[in-house]
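Residue numbers (the numbering used here): 248 to 411.
All C-beta atoms, glycine included, are put in the ideal place defined by N, C-alpha and C.
All values reported here derive from a predicted model rather than from experimental measurement.
Single-structure report; data block below.
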Amino acid sequence: MAALTAARQLNARLAGNPQSAPQLANTEIFQGSIVMLDSTGRVAPGATATGKIGAGVARSNSGTPSWDNNPGADGGLNPFYDEGVFGPFGNSGTSIAVGDEGKDCYIVDDQTVHRTDGTGTRSPAGRIHSFTSAGVYVEFAASIAREIAESQIVSTGVAITQTF
Numbered sequence: 248m249a250a251l252t253a254a255r256q257l258n259a260r261l262a263g264n265p266q267s268a269p270q271l272a273n274t275e276i277f278q279g280s281i282v283m284l285d286s287t288g289r290v291a292p293g294a295t296a297t298g299k300i301g302a303g304v305a306r307s308n309s310g311t312p313s314w315d316n317n318p319g320a321d322g323g324l325n326p327f328y329d330e331g332v333f334g335p336f337g338n339s340g341t342s343i344a345v346g347d348e349g350k351d352c353y354i355v356d357d358q359t360v361h362r363t364d365g366t367g368t369r370s371p372a373g374r375i376h377s378f379t380s381a382g383v384y385v386e387f388a389a390s391i392a393r394e395i396a397e398s399q400i401v402s403t404g405v406a407i408t409q410t411f
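So this is what it looks like as structure tokens:
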């Protein structure tokens, strides 16, 4: 799937724990998209990148379906996002299947996840909650993504994602 160009509605299986963080400059975050945090705690739309962690799913902001940051203005906006179980998200290729529930997944873009880290090119999204014909449901929380990032360091001896 390609990155979002408009807001979308998701199903929430276990929603809650609303969060807010300063938005990274020159980014647009759409309602219903995967959001990630960089090492300074700034929120950005999900993308194939390292040094970041999945944080949750963007909420609407007083009815506004997206947030445009002014060029060069880090932290100019503080969008809201939720931790919890959300979906369906796109399954990159056919990397996720029935039986992968409880396994880690990684961010491809703001609406797509993959079962693997792409040889160190993708940041952790969260844990696969369920897989359906409509797509993948993911459990998002910064604490889960940090745990995944730290376990990569322990198992490989290489820090492919910056920890926080």
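Task: Backbone secondary structure at residue 266 - three-state DSSP - done: Of the three classes helix, strand and coil, the one that applies to residue 266 here is strand, per DSSP.
Task: Where the beta strand (DSSP E) containing residue 284 begins and where it ends - done: 281 to 284
Task: Residues bridged to residue 371 [DSSP beta-bridge criterion] - done: 353
- [ ] Can you have a look at residue 317 and say buried or exposed, based on whether 16 or more other CB atoms are within 10 angstroms of its CB?
- [x] Caution is warranted here: a pLDDT of 45 is assigned to residue 317, below 50, making its placement in the model unreliable, and the coordinate value is therefore given only provisionally. Label assigned to residue 317: exposed.
- [ ] Could you check how far apart the C-beta atoms of residue 333 and residue 266 are, in whole angstroms? I think they sit under 8 Å.
- [x] With a Cβ gap of about 14 Å, residue 333 and residue 266 do not count as contacting.
- [ ] Could you check which residue in 275, 306, 298, 286 has the C-alpha nearest to that of residue 292?
- [x] 275
Task: Contact between the segment 345 to 352 and the segment 276 to 295 (3+ Cβ pairs under 8 Å) - done: By the Cβ test, the segment 345 to 352 is not in contact with the segment 276 to 295, since fewer than three Cβ pairs between them sit closer than 8 Å.
Open item on the list: Spatial neighbours of residue 355 within its chain, please: C-beta separation below 7 Å, excluding the five flanking residues on both sides.
Closed with: 295, 339, 361, 369
Task: Assigned secondary structure, residue 294 (DSSP; H/G/I helix, E/B strand, else coil) - done: Looking at residue 294 - three-state DSSP - the assignment turns out to be strand.
Task: Straight-line gap, residue 381 to residue 286 (C-alpha atoms, nearest Å) - done: 33 Å
TODO: Give the DSSP bridge partners of residue 251, in chain order.
DONE: BP columns for residue 251 are empty, so no partner.
Task: Through-space distance from residue 273 to residue 324, alpha-carbon basis - done: 11 Å
- [ ] In the DSSP assignment, find the unbroken beta strand (DSSP E) run with residue 301 in it and report its ends.
- [x] First-last of the beta strand (DSSP E) with residue 301: 300 to 305.
Task: Simplified DSSP assignment, three categories, for residue 362 - done: coil
Task: Residues near residue 256 by beta carbon distance below 7 Å, same chain, minus five either side - done: 279
TODO: Name the one or two DSSP bridge partners that residue 330 has.
DONE: 263
TODO: Reducing DSSP to helix, strand and coil, say where residue 390 ends up.
DONE: Residue state, collapsed to three classes: helix.
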